[in-house]
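Engineer: Numbering that gives the first Met the number 0 applies: residue 0 is where the sequence shown begins, and numbers increase by one.
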Amino acid sequence: MKKGLLVAVAAVAIVAGALFWAWNSLDFIVKTALEHYAPDVMGVSVKVADVQLSPRDGRGKLRNLEIGNPAGFSASRAARFAEVLLEIDPATVRAPVVLVRAIGVESATIVYERGDKATNLDVISRNIESYVKRAGDAEAASGTASGKRRFIIDRLLIRSAKVTMTSPSLKGQGVSFDLPDIELRDIGRKQGGVTASQAAGIVTNAILSRIAQRVLTNIDLLRQGGVEGAIDALKGLAR
0 MKKGLLVAVA AVAIVAGALF WAWNSLDFIV KTALEHYAPD VMGVSVKVAD VQLSPRDGRG
60 KLRNLEIGNP AGFSASRAAR FAEVLLEIDP ATVRAPVVLV RAIGVESATI VYERGDKATN
120 LDVISRNIES YVKRAGDAEA ASGTASGKRR FIIDRLLIRS AKVTMTSPSL KGQGVSFDLP
180 DIELRDIGRK QGGVTASQAA GIVTNAILSR IAQRVLTNID LLRQGGVEGA IDALKGLAR
């Protein structure tokens with residue numbers, strides 16, 4: 000009995016130690032998850048320089064989040080977000096549905112590159128849609144819920160974003176413009192929460208939609224491109 004008691008105490012100590020490590024290593028866990036799992040969802044590399052999250056007050060910050068470019072495109076990356084600010088309801092950090100009160104994205108640089116058949120952002124959007132569909136099909140086939148954590152995002156704001164429209168022939172050069180602020184509210188509220196991949200798809204489509212609006216309302220910008228040959232190379236972006 001004494002031996003069994005010692006084993007039980009040891010087991011509790013190990014679990015307690017693991018929980019303490021997880022609680023105090025949330026930064027490392029999130030950084031690892033982003034760089035390991037996000038590429039499966041988006042089909043491109045994902046890197047983040049620094050993650051600072053506090054499970055106690057629910058506030059956090061990501062620095063220099065970089066989204067790679069799909070194969071076949073020349074730019075070194077599709078997007079870079081200098082700073083992403085997070086505010087999460089701390090009571091829901093480990094709940095099945097996490098309430099994200101606010102996400103603020105500052106100083107994003109986005110490359111909108113035209114390929115032979117689609118833009119780089121279109122490819123990323125399709126990759127996300129494909130992943131979401133596969134996950135949904137797998138869940139339906141198993142007949143049980145996937146158990147993946149879901150999110151409700153009260154407010155998401157992307158500010159001070161700059162877009163460079165280019166093509167492979169321009170090797171990263173092109174026409175740049177400021178993107179109007181993008182604000183989304185109540186993401187996932189009607190559905191009782193969305194998965195991280197579904198939220199990524201919603202945000203990506205919102206960015207694509209705003210870029211398309213900017214292009215259509217600023218055709219003169221393309222005609223006045225400052226790079227020699229940019230007009231011909233970028234004609235497809237205005238279609």
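Ideal Cβ placement from N, Cα and C applies to all residues, glycine included.
Since the structure is predicted, the reported quantities are computational estimates derived from the model, not experimental observations.
How many angstroms separate the CA atom of V162 from the CA atom of F80?
Structural biologist: Cα-Cα distance, rounded: 12 Å.
Engineer: Helix, strand or coil, according to DSSP, for N63 in the structure here?
Structural biologist: Reduced to three states, the DSSP call for N63 is strand.
Engineer: Would the stretch 110 to 125 and the stretch 81 to 100 be scored as touching if the rule is three or more Cβ pairs under 8 Å?
Structural biologist: Taking 8 Å as the limit for Cβ pairs, the verdict is that the stretch 81 to 100 does not touch the stretch 110 to 125.
Engineer: Tell whether a beta-carbon distance below 8 Å holds between R149 and G192.
Structural biologist: Yes, these two residues count as a Cβ contact at 8 Å.
Engineer: Sort N119, E86 and V50 by Cα distance to I66 and report the nearest one.
Structural biologist: Nearest of N119, E86 and V50 to I66, Cα basis: N119.
Engineer: Along the chain, where does the beta strand (DSSP E) that runs through K46 open and close?
Structural biologist: Taken as a continuous stretch (DSSP letters only), the beta strand (DSSP E) holding K46 covers V45 to L52.
Engineer: Do you know offhand how far V47's Cα is from G57's?
Structural biologist: Looking at the two C-alpha atoms, the distance is approximately 19 Å.
Engineer: Closest by CA to R154, which one among E86, T91, V110 and S175?
Structural biologist: The shortest Cα separation from R154 among E86, T91, V110 and S175 belongs to E86.
Engineer: Have a look at F72 and V40 and give me their C-alpha separation to the nearest angstrom.
Structural biologist: Using only the alpha carbons, I get a separation of about 19 Å.
Engineer: What is the DSSP secondary structure of R133, counted as helix, strand or coil?
Structural biologist: Three-state DSSP puts R133 in a helix.
Engineer: Should R240 go down as buried or exposed, given a rule of 16 or more other Cβ atoms within 10 Å for buried?
Structural biologist: An answer regarding residue 240 cannot be provided, because it is not within the stretch 0 to 238 covered by the chain.
Engineer: For A78, write down the residues that DSSP places opposite it in a beta bridge.
Structural biologist: I66 and I109, per the DSSP bridge assignment.
Engineer: I need the DSSP call for V114, collapsed to helix, strand or coil.
Structural biologist: Correcting the residue identity first, residue 114 is Gly in this sequence and not Val. Note: G114 maps to coil in three-state DSSP.
Engineer: Near S196, which residues of its chain fall below 8 Å by C-beta distance, leaving aside the five closest residues on each side in sequence?
Structural biologist: Correct list, in chain order: V40, I127, Y130, V131 and A134.
Engineer: Output needed for D49: all residues of its chain with C-beta closer than 6 Å, excluding positions within five of it in sequence on either side, in chain order.
Structural biologist: Closer than 6 Å at Cβ, skipping near neighbours: R62.
Engineer: Can you name the start and end residues of the beta strand (DSSP E) that L244 belongs to?
Structural biologist: Absent from the model: residue 244. The displayed extent of the chain is 0 to 238, so no value can be given.
Engineer: Any beta-carbon of chain C closer than 8 Å to the one on A199?
Structural biologist: Among the chains in the structure shown there is no chain C, since it carries only a single protein chain.
Engineer: When you compare the CB positions of L156 and E182, do they come within less than 8 Å of one another, or not?
Structural biologist: Closer than 8 Å, so yes.
Engineer: Which word fits T165, buried or exposed, when buried means at least 16 other C-beta atoms lie within 10 angstroms of its C-beta?
Structural biologist: Classification of T165: buried, given that the 10 Å Cβ count is 16 or more.
Engineer: A150 lies in the beta strand (DSSP E); which residues open and close that run?
Structural biologist: It should be pointed out that residue 150 corresponds to Phe in this sequence rather than to Ala. Where F150 is concerned, the enclosing beta strand (DSSP E) stretches over R149 to R158.
Engineer: So I186 and I151 are in contact, right, with Cβ under 8 Å, and what is the actual spacing, rounded?
Structural biologist: The Cβ separation is near 7 Å, so the contact holds.
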